[in-house]
Amino acid sequence: MKKDANDHASTSATALRAAGDNVLADDVQGLEQTADAVDAKLGSSTVALVERLIFGPSPKWEELTQGGRTAAALATERHPVVAAALEVLDRGEAFDESGKLSDRLRDALIPHKAHAFTVPEQFGGAGKSYAELGVVLEQLSANGLGALAVELSGQLTIGAGSLLGYGSEEQRAKFLPALAQGRLMGFALTEVGVGVNAKKIQAYVEPCSTGGWTLHATGPRNKLWITSARHGGILGLVARIGKEGKELGLFVIEVPEQDAEDGSFWLKPSGVDAFHQNYNSRIHFDGFHIPEANKIPADGVEVLFYCLRLGRCMLAAMASGYQRMLAKDSLDFARARSSLGGIVSRHELPRWAMLEMSGNALQSYALSHLSLAQDTAGVNLAGLRDLTKSAAAATSVASMIHAEHVMGGRAFTQTHRVNQSRANLHLFGIVEGEDNMIRMGMVRDLTANFSKIYLSDLLGIMAAKQQAGAPLRLTASSVWREPGRVLSLASAMLRSPAFWKLKVWGVRNLFSDACAWFSKPPVSGESGQLIQYATRRLRLVKWRYLGLTLLYQLELTRAQKPLVELGEEIEHLVSMIAVLAHVSPDNPTDQALAVFQAKQLKLRYKKLRCGAGDVASQRAIVDTLGEQMHAGEADWLSDIRSVELPISWQEPK
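Just so we're aligned: the sequence shown equals residues 95 to 747 in the working numbering.
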């Protein structure tokens with residue numbers, strides 16, 4: 095079963111407009127239409143795995159274990175790319191005098207075509223799979239070369255990926271072979287003025303009288319936080335077609351070797367502490383010429399969405415390696431350091447912390463390779479691509495804190511790799527999509543078909559009954575306040591075929607869920623019990639979502655905290671299944687670690703559920719105090735002097 099274009103855009107946008115939020119409705123609909131266009135291009139013919147876990151039919155066990163089997167087959171020994179990189183690291187030549195990745199390191203990787211690892215051989219690349227790339231990135235991150243993993247990930251997913259997915263044959267033939275020689279390619283989307291709000295991009299191009307385009311990205315339109323952007327490199331740059339145009343284009347730019355003397359182009363460090371071992375830049379264009387042949391025939395934001403699905407998988411692979419590194423360094427410290435009562439590694443709390451780091455690493459790796467296996471099989475990644483990223487980002491921060499507790503002040507030694515990884519791991523929650531935003535998007539994606547078929551008509555009836563300035567919800571208090579309007583709305587709903595269709599759905603799913611509750615787990619023992627726990631509760635998610643719809647009705651699209659918490663519940667439960675399906679039953683050590691992590695996830699899920707009842711009252715407080723903050727009337731902050739924002743809208747001196 096395949097989603098039709100615009101299915102869930104209309105449901106979400108209609109509810110938002112009925113609730114009076116037209117600006118958000120336009121933004122949501124635009125982004126969802128872009129996501130639908132990507133799904134159509136990918137041609138994913140199978141319903142998303144997470145959607146099937148919630149709404150049925152349940153996926154086969156063989157499908158859930160495919161990622162683990164593929165990863166195990168690829169990771170039998172240290173990869174040649176990793177071996178070559180570590181040899182340079184051991185010689186002390188992996189970083190230059192400024193602390194950034196060195197060209198000596200890149201030169202050592204040219205024979206292995208690392209910077210064109212997933213580029214087809216016909217374009218000069220190594221022609222390897224993204225699953226193999228995930229293995230390489232994990233091994234690099236685990237061994238102190240997380241910066242190189244970041245560079246390769248961006249280069250191959252959002253850089254080369256944009257050309258492979260949407261570029262013309264001429265563009266691929268021209269630019270892709272250069273990547274095999276270590277030439278860097280970045281993706282210039284974010285800007286000083288609008289950040290990562292893709293639909294609000296302000297950089298623009300105008301047709302040039304001599305052919306091609308003239309690019310303007312000045313002041314707040316400067317491209318900012320552009321990883322792997324350097325003089326002499328290549329950029330995929332998103333810009334508006336015309337200063338006030340609605341269409342967003344994507345252009346391939348060959349970055350000049352030096353800044354222009356007339357100020358029409360310059361490239362400077364962005365000043366961001368994260369990714370400080372990588373090139374990370376702010377770029378200014380004023381009347382910069384782009385040849386006509388360098389315009390990629392696609393919408394720039396669509397290309398971004400297309401590439402992000404793989405970018406999120408690679409982020410999780412890197413997060414896994416980083417977390418294994420934290421666990422290893424913490425263990426080395428704990429085995430060598432004495433404290434009250436003896437060697438640190440003999441105490442329960444540091445042992446628990448090191449196992450949490452290791453379990454978090456296993457979870458990130460399992461989700462990464464499950465997602466990659468699904469993508470290879472042509473399965474829609476809705477939900478899975480999102481929770482893969484958000485789970486990896488969240489556990490990375492948690493693992494960093496665990497490492498700091500085990501190692502104490504030594505975790506902050508400036509030259510140590512634990513300290514150098516801190517800013518990167520904290521930034522993982524923002525790059526590739528801010529975690530809470532993508533959790534809300536995940537819930538929308540996973541419930542889109544259900545909402546369209548069973549809820550959209552009922553919400554449409556409710557929207558039609560709304561009056562300006564007098565929103566109506568079917569609640570006990572509204573019956574008392576406005577009995578006439580409530581009776582009219584209830585009568586219209588009861589007469590609608592949609593109401594009875596939803597009722598039939600409810601009866602049918604109550605029966606199917608009851609049958610599924612007594613089904614046998616796919617494996618025996620404690621692993622099977624944990625898998626059964628997670629699968630049963632994932633089937634309850636649809637009832638939770640229906641309950642939230644009945645509670646919030648048209649306001650659900652703006653009830654962000656409940657949607658985020660529902661997304662977190664899904665994230666924990668799917669992660670339980672992924673981690674247990676990933677490890678081989680023939681390896682008792684891996685099995686024990688997987689069970690440990692699954693139990694930790696179960697505890698996180700249960701804690702989240704216990705606090706759900708307090709959300710409504712807390713939202714009321716947030717609404718009241720939030721309005722005060724928005725109006726500049728936050729008394730508890732009024733005695734603090736303001737300073738200039740970290741990124742000014744003015745060009746740097």
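C-beta: ideal position from N, C-alpha, C; glycine also. Note that the coordinates shown come from a computational prediction; the quantities given were computed from them, not determined experimentally.
Could you check if residue i is buried or exposed, using at least 16 other CB atoms within 10 Å of its CB as the buried criterion?
i	result
M723	exposed
A225	buried
Q508	exposed
L309	buried
E338	exposed
K700	exposed
S322	buried
D201	exposed
E727	exposed
N388	buried
L227	buried
A99	The predicted position of A99 is uncertain, since its pLDDT is 38 and thus under 50; no value can be drawn from it.
S736	exposed
N681	exposed
K747	The predicted position of K747 is uncertain, since its pLDDT is 42 and thus under 50; a value taken from the coordinates is nonetheless stated next. By the 10 Å Cβ count, K747 comes out exposed.
P391	exposed
A177	exposed
Along the chain, where does the beta strand (DSSP E) that runs through residue i open and close?
i	result
I295	Careful: I295 lies outside any beta strand (DSSP E) and carries neither H nor E.
T482	No beta strand (DSSP E) contains T482, which is instead part of the alpha helix (DSSP H) from 478-501.
L461	Unbroken run through L461 is the alpha helix (DSSP H), 442-470; no beta strand (DSSP E).
L361	359-363
F345	342-348
A505	That residue, A505, is in no beta strand (DSSP E); it is neither H nor E in DSSP.
V332	328-335
Select from the options the residue whose C-alpha is nearest the C-alpha of residue i.
i	options	result
L461	C407, P153, A254	C407
D717	E659, Q685, R735, R652	R652
P363	E263, N316, A558, A428	N316
K655	F612, P616, L702	L702
E156	L227, Y373, V677, A202	V677
A210	E181, S196, F269, A236	F269
L242	G415, G726, A455	G415
M419	H499, S515, Q216	S515
G276	T312, G218, G313	G218
N603	F149, L402, C302	F149
L404	H441, V500, S247	S247
I204	G186, L278, A165	L278
V500	E665, D426, E620, S262	D426
F189	I524, N474, G240, F690	G240
S192	L258, E171, Y373, E232	Y373
A166	R429, H463, E721	H463
Which two residues bound the contiguous alpha helix (DSSP H) that contains residue i?
i	result
K597	591-611
S247	240-248
R406	394-430
A653	Element bounds for A653: n/a, residue is neither H nor E.
I204	Unbroken run through I204: none, as it is neither H nor E.
T629	619-646
P174	174-184
G228	224-236
W574	570-575
G259	254-260
K268	263-274
R64	Past the boundaries of the shown model lies residue 64; the chain is included only from 95 to 747, so the question cannot be answered.
According to DSSP, which residues form a beta bridge with residue i?
i	result
K317	E285, I377
T212	In the DSSP output, where bridge partners are listed per residue, T212 has none listed.
P301	W307
L759	For residue 759 there is no data in the structure shown, the boundaries of the chain being 95 and 747.
V473	T140
K389	F345
F382	L309
G436	S433
Can you find a heavy atom of the ligand ADP that lies under 8 angstroms from the Cβ of residue i?
i	result
D551	For the ligand ADP, the structure offers nothing, since it holds no ligand at all.
Length at least 4, wholly inside the stretch 135-169: the alpha helix (DSSP H) runs in chain order: Secondary structure remark: continuous alpha helix (DSSP H) runs of at least 4 residues inside the stretch 135-169, in chain order: 143-149, 155-168.
List, from N- to C-terminal side, the beta strand (DSSP E) runs of 3 residues or more that fit wholly inside the stretch 660-715. Contiguous beta strand (DSSP E) elements confined to the stretch 660-715 do not occur, taking only those with 3 or more residues.
Entirely within the stretch 524-556 and at least 4 residues each: give me those alpha helix (DSSP H) ranges in chain order. If we require 4 residues or more, the alpha helix (DSSP H) runs fully inside the stretch 524-556 come out as 529-540.
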